[in-house]
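Here is the structure we will look at, set down as structure tokens.
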Amino acid sequence: MTFEEYGKLKKTIDYHMNRYYNEDAPEISDYEYDQLMLQLKAAEEEHPDWVSPDSPTQKIGGVAKREAGVKVTHNVPMLSIEDVFRTEDVREWVDKVHELHPDATFSVEQKIDGLSMTLRYRHDEASGKARLELAETRGDGLIGEDVTANALVIPDVPHYLDIPYDYLELRGEVYMSHEDFDRYNKECEEQDKKPAANPRNLAAGTLRQLDASITKERGLRLFIFNVQDGPAEMMESHTKALQYLEEKGVTTVHHEHCRTADECIAAIERIGQMREELPFDIDGAVVKIDQIAYRADFPAGSKYSSGHIAYKYPPEERVVTMDEIIVDVGRTGRLTFTGSFHDSETGKPARLAGTSVSRATLHNQDYINEMHIGVGGEYRLFKSGEIIPRLNGCVKEPPAVFTAPSVCPVCGQPLVREEDTADIRCVNPACPAQLVRTIAYFTSQDCMNIMGLGGQLIEALIREGYLHSYADIYRLRDYREELIDKGVIGKEKNTDKLLSNIEGSKENEPERLLTGLGIRNVGRRTAKTIMQYYDSIDDLMRADLEELTAIPDIGTTTAKDIVNFFENEANRAVIEALRDAGVNMRVHREEGGSQKLSGLTIVVTGTLPTLGRKEATELIEKNGGKCSGSVSKKTNYLVAGEAAGSKLSKAQQLGVPVITEAQLLAMIEE
Ligand SMILES: [Zn+2]
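Residues in the sequence shown are numbered from 0 upward in steps of one, following numbering that gives the first Met the number 0.
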């Protein structure tokens, strides 16, 4: 096979892969598809140097898996920009440029606080457009990493550009919006995982994920800010090139065209004012010479781009005096520390980036020791590139550094410091602090979704002795008269409304119940996945470690957390109480089917005697099974028809049982 034929074959397979995985409308049989893949694999074995990450052999399920550490040498070095901190420096630089080139103009742009990525587009015969062939991270400026698979799931990255050029290389900044960042951290909090420090770090980690579906789910965005290489007409005026790209639907960075130093400084100030309102972080403003040819006359050293400077906005900072360290107990029993303070100068809450700040998280005892935190101490408080204000250094030592209590501030039981972490926990299962949060989580929207039963009411019900665990919620109706008399919930109308919401929640799908149990690492999404493999909570309770880890996306840690939870006597008792109260534990599957294939992952390949592939898939799913497009260790059965190809050999290799259509039908009809 020639390299050209290899390229054509890749395109053909890509096309069919897309029809199958993304459009659910395959045009060729599995067999034909497998044959094409075999040819491709054979060619790649013969010519290992041909293999690139965009080869169909490197992708799984329509979303590519990125290969770690594939290095790319940049066509144009990806340099950084020299920073200046005073607007006077900007003026001096602009004047210097004007001395040599009196007609020079400038582009002043937002400097997005993310990470740079270069996109290479090349003319593609099939579409007549330029196609994204490679996306690369900055790396050390000369050599970066191939992140094409992940770039393709960023909504602002065009897969094709309708431009008449053979080659175009663009550079942009990948960032994460405040909204996506907050969502990620909220999920971390719910799952008791360590939150990300700032959007930039999270964006960097997300862009380098091996699994592009994770990148897609977390959400990244991109602004294009430069044409790195391309035809002469794109390399004349920077502003014109950006405008041309905008016409082609490319998302470009906010840019203002300026003539004089005064205009540049005014633009920098305007961008500075925007800063607070933007849904993402910026850390400065970039000033570029618009005439690209002039840039080479103003080199700034080998590390920096010629003809560019970046004005860095000063980080906003205040000095605050610590008033109190508040110790709280979280849902999982973990102690949290919050510093409460006032602005040392004004005596009021500190003003930072347009918001009032009087509290900041103090993380844990190690952090408190490191920062010398204590009542009466003075600290720098800043907000820069981070949404959450943070303390940054001690200005005046406190009389004493704060020490965590040795007993739980809520229940008075001794606290435990966990090995290998800085976390301190209250491990008393009857601790009321945990009880309020445990129950509030159970009733929350993501879990049992009981409207009207929030934290304050739960606290009152615990205080009055009605709630000792979340199972007691379902016994509240036995105390209806009493509750109305005491007015704990409200008058008759409100009490009945809440009781009816509670009754209604009994019919929820068990995935909500499973989420509500608050098992570590089992959030809503994980619970949903797990319940696809089990008919009921009872089935799940019988599962062992091995069985649970066989479920895709369930790791050993999560599996252990689940097994431990159900092994605990107290937890089993609560589940029994929920069952006695009539809370639904069984999964309702689609009507007309059975559950005969429940928990099984089945792959269909080849031409079956009577069923089309779509029919077979529907039949399996209707009977509670799960269909997958590829054979793995987690596959339970491969249904093979005539002319089954590579999936058959893969199944034989892995020892996956291979059955016929007749055997499949027998399993269902049994
Ligand atoms: Zn406690």
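From the three backbone atoms N, C-alpha and C, an ideal C-beta is built for every residue, glycine too.
{"Query": "Near His237, which residues of its chain fall below 7 Å by C-beta distance, leaving aside the five closest residues on each side in sequence?", "Result": "Ser106, Lys287, Asp289, Ile291"}
{"Query": "What whole-angstrom Cβ distance do Asp280 and Arg199 have, given they're in contact under 8 Å?", "Result": "7 Å"}
{"Query": "Assuming contact is defined by CB atoms lying nearer than 8 Å, are Ala615 and Val638 in contact in what I supplied?", "Result": "yes"}
{"Query": "Can you tell me whether Pro413 is helix, strand or coil according to DSSP?", "Result": "strand"}
{"Query": "Under a criterion of Cβ closer than 6 Å to any non-hydrogen atom of ligand 1, which residues qualify, in chain order?", "Result": "Val328, Cys407, Val409, Cys410, Gln412, Cys425, Asn427, Cys430, Ala432"}
{"Query": "Go ahead and pull the three-state DSSP assignment for Ala196.", "Result": "coil"}
{"Query": "DSSP beta-bridge partners for Gly171?", "Result": "Met116, Ile223"}
{"Query": "Run through the segment 242-318 for me and flag every whole beta strand (DSSP E) of 3 or more residues, listed as ranges in chain order.", "Result": "254-257, 281-288, 307-310"}
{"Query": "Give the straight-line distance between the Cα atoms of His587 and Asn635, rounded to the nearest whole angstrom.", "Result": "23 Å"}
{"Query": "For Glu502, tell me which candidate among Asp471, Gln531, Val487 has the shortest Cα-Cα distance.", "Result": "Asp471"}
{"Query": "Pull the bridge partners of Glu323 from the DSSP assignment, please.", "Result": "Ser339"}
{"Query": "Which of the three DSSP states, helix, strand or coil, is assigned to Ala129?", "Result": "strand"}
{"Query": "Just grab the DSSP bridge partners of Cys425 for me.", "Result": "Leu414"}
{"Query": "Got a sec, what are the start and stop residues for the alpha helix (DSSP H) Leu78 sits in?", "Result": "Segment: none, Leu78 is in no alpha helix (DSSP H) and carries neither H nor E."}
{"Query": "Using only CA atoms, which one of Arg121, Leu434, Asn363 lies nearest to Phe401?", "Result": "Asn363"}
{"Query": "Could you check whether Thr557 and Asn520 sit closer than 8 Å to each other, using their CB atoms as the reference points?", "Result": "yes"}
{"Query": "Roughly how far, in whole angstroms, is the beta-carbon of Leu351 from the beta-carbon of Leu390, given that I think they are within contact range, below 8 Å?", "Result": "Rounded, the Cβ-Cβ distance is 12 Å, inconsistent with contact."}
{"Query": "Quick one: residues in its chain with C-beta nearer than 8 Å to the C-beta of Met36, no 5 flanking neighbours on either side, listed in chain order?", "Result": "Ile12, Pro55, Thr56, Gly644, Ser645"}
{"Query": "Would Leu72 and Gln227 be called neighbours here (beta carbons separated by less than 8 Å)?", "Result": "Correcting the residue identity first, residue 72 is Thr in this sequence and not Leu. Contact: no."}
{"Query": "Please tell me whether Glu727 and Val326 are closer than 8 Å, where the distance is taken between their beta carbons.", "Result": "Because the chain in this structure spans residues 0 to 669, residue 727 falls outside the shown range and cannot be described."}
{"Query": "For Pro608, count neighbouring C-beta atoms within 10 Å of its own C-beta (all shown protein chains included) and say buried if the count is 16 or more, exposed if not.", "Result": "exposed"}
{"Query": "Which of the three DSSP states, helix, strand or coil, is assigned to Cys393?", "Result": "strand"}
{"Query": "For a test of the three-state rule: what should DSSP assign to Lys527, helix, strand or coil?", "Result": "helix"}
{"Query": "Mind checking who Arg585 pairs with in its DSSP beta bridge?", "Result": "Ser535"}
{"Query": "Taking the Cβ atom as the reference point for each residue, do Ser673 and Met77 lie within a distance shorter than 8 Å?", "Result": "The first residue shown for the chain is 0 and the last is 669, placing residue 673 beyond what the model contains."}
{"Query": "When DSSP labels each residue in this structure, what does Thr604 get in the three-state scheme?", "Result": "strand"}
{"Query": "Gln208: which of Asp534, Ala240, Pro397, Leu151 sits nearest, CA to CA?", "Result": "Leu151"}
{"Query": "Spatial neighbours of Arg416 within its chain, please: CB distance less than 6 Å, with the 5 preceding and 5 following residues excluded, ordered by chain position.", "Result": "Ile423"}
{"Query": "Which residues in the same chain as Ala266 place their Cβ atom closer than 6 Å to its Cβ, once the five residues preceding and following it in sequence are excluded?", "Result": "Val107, Glu255, Cys257"}
{"Query": "At what residues does the beta strand (DSSP E) containing Gly143 begin and finish?", "Result": "142-144"}
{"Query": "Checking the sheet assignment: what are the DSSP bridge partners for His122?", "Result": "Ala129"}
{"Query": "With DSSP as the reference, label Leu151 as helix, strand or coil.", "Result": "coil"}
{"Query": "Please report the Cβ distance between Pro398 and Gly373, rounded to the nearest whole angstrom; I am assuming they are in contact, meaning their Cβ atoms lie under 8 Å.", "Result": "7 Å"}
{"Query": "What's the call for Tyr465, buried or exposed, on a 16-neighbour Cβ count within 10 Å?", "Result": "buried"}
{"Query": "Going straight from the alpha carbon of Glu458 to that of Lys527, what length do you get?", "Result": "29 Å"}
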